[in-house]
Amino acid sequence: MPGKSPLDTYNAKRDFTRTREPKGEIAGKGGNSFVVQKHDATRLHWDFRLEVDGVLKSWAVTKGPSTDPADKRLAVQTEDHPLSYGDFEGVIPQGEYGGGTVMLWDRGTWAPVEGKSAADLKDGHLHFTLDGERMKGEWLLVRMKRRPGEKRDNWLLRKIDDAHAGEGDILVERALTSVLTGRSMAEIAADKAGAQSLKGAKGKAFGQKMQAARDHNAKVARKPRRSAGKLPAVSSPQLATLVDAVPAGNEWLHEIKFDGYRALIAAAGDKVRVSTRNGLDWTDKFGPLVRAIAALDLPPALIDGEIVAFGADGNPSFSALQDVLKRGHGAQREDTPFQFFAFDLLALDGTDMRPLPQIERKERLEALLGRAEPPIRVADHIIGAGEKLYQSLCAAGQEGIIAKRVDAPYRAGRTKNWVKVKCTRRQEFVVIGRVGSTARGRPFRSLLLAQHEGKTLVYKGKVGTGFDTDMMTQLDQAMQPLAAGKAPTDVPRTEARGATWLKPVLVAEIAFAEFTAEGRVRHASFLGLRGDKKAADVKPERPAPAPMPREGVRITNRDRVIFPESGQTKGELADYYAAVAPLMLPFAAQRPVSLVRCPQGRAKKCFFQKHDSGAFGKAVHQVPIREKDGGAEDYIYVDDVEGLLACVQMGTIEFHGWGSRVAAVEKPDRMIFDLDPDEGMDFGRVKEAAQDIRARLSDLGLVSFAMLSGGKGVHVVVPLTPGHDWGAHKDFASRFAQALSTAEPDRFVATMSKAKRKDRIFIDWLRNQRGSTAVLPYSARARPGAPVAIPVDWDELEGIADAHPYAIGDATTLLDRAVSLKGWGFAAQTLPDL
């Protein structure tokens with residue numbers, strides 16, 4: 048009797064006259080491939096497969112892999128599959144085992160960690176690494192004990208906390224297309240031309256059929272759209288003003304001041320250019336970093352940030368960065384000694400981001416680079432609490448912090464919307480000479496320094512420490528062709544004795560304790576040359592006083608009770624909006640808004656207002672918008688926290704926004720599906736509906752986000768890149784909602800009729816018409832208890848009991864939880880055909 052094959056179970060479950068799946072045969076042993084196939088069968092899941100002994104060991108991961116070490120994903124072990132199944136993508140006929148759409152979602156190689164092996168699977172555990180297009184780093188599979196009646200082994204798949212780990216479920220949420228063809232699930236399901244009948248196909252014929260399927264997928268595979276993009280023009284960077292203290296208040300976000308080279312990265316697909324702050328092209332100096340950015344296949348974007356290298360103490364080190372650059376290693380090595388910390392987004396897909404508030408640019412940057420891994424990172428920030436961050440960074444030996452106004456646009460040049468506070472004194476100086484040599488034959492003993500004050504070059508003292516032998520040699524070579532016959536400025540005779548003068552061209556970064564009464568540096572130490580800065584721009588940095596909190600908008604009648612059920616006042620409402628403005632402005636700023644005003648409180652007369660002739664004050668702006676009759680009316684919009692508070696002063700409780708911005712009113716950028724349940728419906732059904740709508744949108748290649756309305760429903764939010772008009776926007780939303788209600792009429796309704804809504808959920812797509820609005824994230828609601836509308840993570844949604852868990856008294860909690868929601872509500876995606 049022949050021995051049993053590991054693939055007997057696989058083959059027994061399939062009719063190979065009806066399915067395109069390959070018939071199972073054991074391949075040669077010794078390979079180490081892995082694949083993940085997204086599989087929409089009875090329910091959506093991800094099939095995780097590891098090559099072991101000539102077959103694919105397989106697990107069905109119900110929610111998909113997560114890079115969050117806190118997430119332990121159920122992985123149900125299924126039958127072994129043949130290796131030839133590893134590049135299968137297509138549709139299995141309904142009625143067959145596993146009937147549904149299959150996408151090749153990830154692929155690569157795997158290896159057990161040192162000291163482990165695939166044989167550990169028999170003992171119920173496997174510790175391994177993955178090198179895939181999406182899944183990377185260390186992972187763990189652990190088998191659970193079978194419960195009575197269970198016929199399959201349940202395992203847990205978990206990410207180990209390493210450089211490839213992340214927070215939340217961004218891997219599954221954002222990886223929506225095939226790594227083989229670039230298609231969405233819906234596109235694969237609709238591909239009838241790719242069907243391959245395997246009836247009777249064996250041996251060579253079977254191989255020909257499979258090759259035909261591969262050939263078809265190669266034809267329909269999307270070519271990278273990014274490579275055709277044009278690199279954005281590089282603009283002058285914004286610079287920070289040195290101040291003597293950390294600014295206070297929630298109107299500031301705080302970042303680490305990195306000790307490296309400022310860089311503006313222009314990217315478009317596989318094209319990347321690295322420019323210094325002065326516009327020099329340094330692309331060739333950072334080869335591995337450039338390749339890492341090119342691999343992200345970004346849309347045309349201009350990103351501001353800092354290139355750093357790390358010293359032995361783990362801190363960013365300018366000296367370490369210079370050490371790599373002077374040896375040319377940055378361009379030559381295959382790995383990269385650099386990290387790029389992105390902290391601002393100036394342009395994206397042809398749109399100028401600079402007029403947007405700082406906090407919105409940062410959120411859009413988070414969304415753009417959400418899938419990036421080291422050496423590309425988004426610089427972390429905190430809102431408020433800057434003094435604590437400053438103290439901890441100084442204690443750790445770092446350079447200091449940068450504070451940025453959350454609502455300010457990006458402006459070239461040095462401004463007080465960006466300020467820096469340094470832990471140690473460091474400035475740039477022009478090298479104007481060198482003094483003597485030593486008995487040891489070193490080329491010089493110290494360097495003479497100067498800075499420009501107005502049009503005059505002023506002597507600032509000497510630096511004689513901080514050089515190693517290699518640096519002295521490099522400096523000697525740089526200085527020799529710059530020898531000059533006289534001093535470029537006045538230098539005291541005692542300081543000039545034995546000096547060799549230089550043309551004032553070289554710029555050096557110097558750390559020092561203080562300036563003396565004579566204006567000389569004290570306890571100076573050389574850090575490195577600044578090839579990215581011009582000598583003419585080197586001026587003294589004298590700390591200015593830290594910016595004071597804005598006077599803001601005066602709120603009158605602060606004690607007036609606005610919410611009679613809970614006793615909360617107008618002053619408390621104003622304080623709430625002042626606190627959460629950094630979270631709200633990315634969605635509220637520069638968007639036409641309608642206000643729900645309740646001047647005497649929510650229980651009295653309330654009304655909508657969308658027009659203003661200037662009664663709200665200078666902080667509230669107007670934009671003329673064409674009406675249906677051909678005339679134009681001035682609509683309200685705000686830019687900053689003062690604008691929000693000016694509206695509150697005039698009795699506003701709620702803010703509702705258009706689906707477009709004031710700069711492009713006719714080009715919508717946000718689609719909202721408002722799930723409005725029948726009275727008394729269990730909130731669990733609303734949450735389930737939101738998750739299902741998210742899955743249907745995902746099948747169309749669209750990323751979506753969840754928001755609790757603060758009332759009784761959930762908004763499914765779909766960010767879009769502007770480009771289509773309101774007609775296409777409304778048409779897509781209408782047809783999507785109608786399709787859902789037609790498919791599940793007992794569950795959904797797409798009309799406003801109260802009579803038809805009995806025990807159903809109204810999918811309110813009408814908010815996607817020109818002129819319609821939806822409540823904005825973090826807006827308070829004119830409801831009992833002063834609830835607020837809040838963004839939520841999809842995983843977080845499962846554990847929430849209702850649509851109004853937070854109120855205006857929870858501002859601090861909302862600021863804290865926002866750390867895990869970076870990038871929420873933003874994605875670079877266009878409206879697909881439906």
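If you're matching positions, the sequence shown starts at 48 in the numbering used here and goes up one per residue.
Note that CB positions come from ideal geometry on N, CA and C, so glycine has one too.
The continuous beta strand (DSSP E) containing residue 548 extends over residues 546-549. Using a 10 angstroms sphere on the CB of residue 584, the tally of other CB atoms stays under 16, which defines it as exposed.
Looking at the backbone, the Cα of residue 372 and that of residue 621 are separated by about 52 Å. Ranked by Cα distance from residue 582, the first of 853, 325, 149, 141 is 325.
Within the DSSP bridge table, the entry for residue 467 names 289, 449 as partners. The beta carbon of residue 827 is closer than 7 Å to those of 620, 623, 700, 701, 833, 835, 855 in its chain, skipping five residues each way along the sequence. DSSP lists 158, 185 as the beta-bridge partner residues of residue 176. DSSP, read as helix, strand or coil, puts residue 457 in coil.
Here residue 555 is bridged, per DSSP, to 476, 576.
About 12 Å separates the beta carbons of residue 352 and residue 419, which is beyond the 8 Å limit, so they are not a contact pair. Counting only runs of 3+ residues, the beta strand (DSSP E) found wholly inside the stretch 659-696 occupies 667-673, 679-685, in chain order. In the displayed model, residue 308 falls within a strand according to three-state DSSP. Going by beta carbons, residue 482 and residue 492 fall inside the 8 Å limit. Around the CB of residue 777, 16 or more other CB atoms lie within 10 Å, so the residue is classed as buried. Excluding five sequence positions before and after residue 115, the CB atoms of its chain that fall closer than 8 Å to its own CB belong to 206, 212, 213, 214, 215, 216, given in chain order.
Scanning 194, 561, 522 for the CA closest to the CA of residue 508 turns up 561. By the neighbour-count criterion, in which a residue is buried when 16 or more other Cβ atoms sit within 10 angstroms of its Cβ, residue 297 is buried. Counting C-beta pairs closer than 8 Å gives three or more between the stretch 570-579 and the stretch 498-514, which meets the contact rule. Here the stretch 440-455 makes contact with the stretch 389-405; the two share three or more CB pairs at distances below 8 Å. Residues of the same chain with a CB within less than 6 Å of the CB of residue 869, apart from the 5 flanking positions on each side, are 413 in chain order.
Around the C-beta of residue 435, fewer than 16 other C-beta atoms lie within 10 Å, and the residue is accordingly described as exposed. A contact between stretches requires three or more CB pairs, one per stretch, nearer than 8 Å, and the stretch 534-551 fails this requirement with the stretch 587-598. The C-alpha of residue 333 is placed about 36 Å away from the C-alpha of residue 546.
Distances from the alpha-carbon of residue 662 to those of 678, 697, 653 put 697 closest. Listed as beta-bridge partners of residue 93 by DSSP are 85, 108. The C-alpha of residue 221 lies about 9 Å from the C-alpha of residue 751.
Judged by DSSP secondary structure, residue 634 falls within the alpha helix (DSSP H) whose first and last residues are 617-635.
Residue 801 and residue 808 have their C-alpha atoms roughly 11 Å apart. Shortest Cα-Cα distance from residue 456 to any of 284, 426, 769, 736 involves 284.
Cβ-Cβ separation between residue 764 and residue 719: approximately 6 Å, consistent with a contact (criterion under 8 Å). Assigned with DSSP and collapsed to three states, residue 752 falls in strand. In the displayed model, residue 726 falls within coil according to three-state DSSP, outside both helix and strand.
For residue 718, the three-state secondary structure derived from DSSP is strand. About 5 Å separates the Cβ atoms of residue 755 and residue 850, confirming a contact at the 8 Å cut-off.
Residue 161 counts as exposed, since fewer than 16 other beta carbons sit within 10 angstroms of its beta carbon. A check of alpha carbon separations from residue 738 across 605, 825, 91 identifies 91 as the nearest.
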